[in-house]
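Numbering (mature numbering (1 follows the signal peptide of the UniProt record, and there is no 0)), first residue to last: -22 to -1, 1 to 128.
Below is one structure, written out as structure tokens; the observations come after it.
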């Protein structure tokens, strides 16, 4: 709270002024982490943590701010979510989420950078290849050789 004192002919009056910080959108990514691997699916979800009773609407932009994403079949834009199936190198880049609350005349946005890695994600091989392993049963976990993949 900021208190402002204003002089007038009749004396000094005090006014209190409340300055509210603008709510910023938060983008969460699934799978979590800084890299998305070639061929994976990715989901970006935008949320605004707000005490307001008014609804937020979301728009997604790609690489060039203020250029709305067009709807097509591969990336799916649905309100606060943006999902990509089978990520490619071309999907790497900047994404903006713009949140608007029309009743309060508030617009705010945040940028997230999507990094696409050509390397394969880490994996484990389970032998025997079974969904269940029982007590006292033997099994092997192995990291595949990253140099010799077949």
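Heads up, the beta-carbon is just placed ideally off N, CA and C, and yes, glycines get one too.
Note that the structure is predicted; figures quoted are calculated from it, not measured.
(message) Please report the distance separating the alpha-carbon of residue 103 from that of residue 115.
(response) Distance between the alpha carbons of residue 103 and residue 115: 16 angstroms.
(request) Sort 55, 94 and 29 by Cα distance to residue 16 and report the nearest one. (result) Checking every option, the nearest Cα to that of residue 16 belongs to 94.
(request) Inspect the beta-carbon positions of residue 8 and residue 26 and report whether they are closer than 9 angstroms. (result) Cβ atoms of residue 8 and residue 26: not closer than 9 angstroms.
(request) For residue 77, count neighbouring Cβ atoms within 10 angstroms of its own Cβ and tell me buried if that reaches 16, exposed if not. (result) Result: buried.
(request) Give, in chain order, every unbroken run of the beta strand (DSSP E) that is at least 3 residues long and sits entirely within the region 69 to 102. (result) Fully enclosed beta strand (DSSP E) runs of 3 or longer: 71 to 79 and 84 to 95.
(request) Could you check the C-alpha separation between residue 91 and residue 112 for me, to the nearest Å? (result) Going by the C-alpha atoms only, they are around 43 angstroms apart.
(request) Would you list the one or two residues that DSSP bridges to residue 121? (result) Paired residue(s): none; residue 121 is not in a bridge.
(request) Measuring alpha carbon to alpha carbon, tell me which of 34, 80 and 65 ends up nearest residue 24. (result) Of the residues 34, 80 and 65, the one whose Cα lies closest to the Cα of residue 24 is 34.
(request) Excluding the 5 residues preceding and the 5 following residue 53 in the sequence, name in chain order all residues of the same chain whose CB lies nearer than 6 angstroms to its CB. (result) So the list reads 62, once near-sequence residues are dropped.
(message) In whole angstroms, give me the CA-to-CA distance for residue 84 and residue 13.
(response) So the two alpha carbons sit approximately 32 angstroms from each other.
(message) Just to confirm, is the Cβ distance from residue 40 to residue 71 under 9 angstroms?
(response) Taking C-beta atoms as the reference points, residue 40 and residue 71 count as a pair closer than 9 angstroms.
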